[in-house]
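Chemist: Chains A and B, in that order, are what the protein sequence lines are. Take any residue in the first sequence, note its place counting from 1, add 86, and you have its number in the numbering used here. Take any residue in the second sequence, note its place counting from 1, add 17, and you have its number in the numbering used here.
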Amino acid sequence: MAEPWEDDELEGPVRKFMYVNRRAPYGTIYALESLEVVLIAAAFEQDVTLVFMDDGVYQIKKDQNTDAIGVKNFSPTYRALEGYDVEKLYVEKESLASRGLTTDDLIVPVQLVDKDQLAQLMEEQEVILSF
Amino acid sequence: MKLSVLVNEGPYQHQSADSAIQFTKAALERGHEIFRVFFYHDGVNNGTRFAVPPQDDRNITQEWTALAKEHGLDLVVCIAAAQRRGILDENEAKRQGKDGNNIADGFRISGLGQLIEAGIQSDRMVIFGD
């Protein structure tokens, strides 16, 4: 039987969480608040996978400059994910290519997957949060 | 089945706020357990008791409050998202030096960890949003 001090909310099985980022970093708050979820989630030591697809690939584009729109450039935070043991970052190949980008344009190392491989990855998850 | 619900959009602005409560009602009627309903992004606006929709319209917040009372639902509003959008309970209002609070009965404000815990503890997480 668990002692009372062991009965905290971090208990439970390790599950496969996938965070799917589909939107541009600015224009709406989804990307920023998605990143906030990922950072908090890291403390729960779950099996975390991040996906960037559609306009979400712009979230990790190099050389973002938000001076003219008066919004904080939060892109450097993606570089900190490694320190939180969030290391499985996938980018959908088609989304990147159709925007004229390559992995050289991205601020973090990622694995490229095509949409069929991504579908397979999604199939393996237990919780998928899409932002 | 043990379910959790994530509500990512605000009431009246977006159909998903209605769909979320309709789904929750239907799931309860079918005998499923709702472990938690978590409100994020503009979804936190579902938890203000200060909204006054026209009388001939539905009142989504009151529906949640009633449902929570009837079924003992755990309705959790994300604290970070709530602070940005001015959703406060008594403690938060005091802590932030604000002159009032607006959280509706049956809702509570807590951290994003509650969302992750819901993902861990539930058989399925059902998400309402774009």
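Just so it is clear, CB atoms sit at the ideal spot from N, CA and C, and this is done for glycine as well. On a predicted model such as this, the values are computed, not experimentally measured, just so you know.
1) Going by the DSSP bridge assignment, what does Leu-136(A) pair with across the sheet?
2) Taking only beta-carbon atoms, is Gln-132(A) less than 9 angstroms away from chain B?
3) So, helix, strand or coil for Ser-21(B), using DSSP?
4) Could you tell me whether any Cβ in chain A is nearer than 9 angstroms to the Cβ of Gly-130(B)?
5) Keeping to the same chain, check which residues put their C-beta closer than 7 angstroms to that of Ser-36(B); ignore five residues upstream and five downstream.
6) Taking the alpha carbon of Lys-148(A) as the reference point, which residue from Lys-201(A), Thr-188(A), Val-199(A), Glu-210(A) has its own alpha carbon closest?
7) Could you name the residues that DSSP lists as bridge partners for Met-142(B)?
8) In the DSSP output, what is Thr-189(A) paired with across the bridge?
9) Take Lys-174(A) and list the residues in its own chain whose beta-carbon comes closer than 6 angstroms to its own, dropping the five residues that flank it on each side.
10) Output, in chain order, the set of chain B residues within a Cβ distance shorter than 8 angstroms of Glu-119(A).
11) Can you check whether the CB of Ala-34(B) is closer than 9 angstroms to the CB of Ile-77(B)?
12) What did DSSP end up calling Leu-215(A) once you bin it into helix, strand or coil?
13) Go ahead and pull the three-state DSSP assignment for Asp-94(A).
14) Chain B partners of Ile-126(A), CB-CB under 9 angstroms?
15) So what does DSSP say about Ile-126(B), is it helix, strand or coil?
16) Check the Cβ of Val-213(A) against every Cβ in chain B and list those closer than 7 angstroms, keeping chain order.
17) Strictly below 7 angstroms CB to CB, what residues from chain B border Ser-181(A)?
Modeler: Taking the geometry as given:
1) Tyr-105(A), Leu-175(A)
2) yes
3) strand
4) yes
5) Phe-145
6) Thr-188(A)
7) Ser-21(B)
8) None, per the DSSP bridge assignment.
9) Thr-135
10) Tyr-57, His-58, Ala-97, Ala-98
11) yes
12) strand
13) Reliability of the predicted coordinates at Asp-94(A) is poor, the pLDDT of 49 falling under 50, and the value obtained from them is presented with this limitation in mind. Note: Asp-94(A) maps to coil in three-state DSSP.
14) Ala-97, Gly-128, Leu-129, Gly-130, Leu-132, Ile-133
15) strand
16) Gly-136, Met-142
17) None at all; the shortest Cβ gap to chain B is about 17 angstroms.
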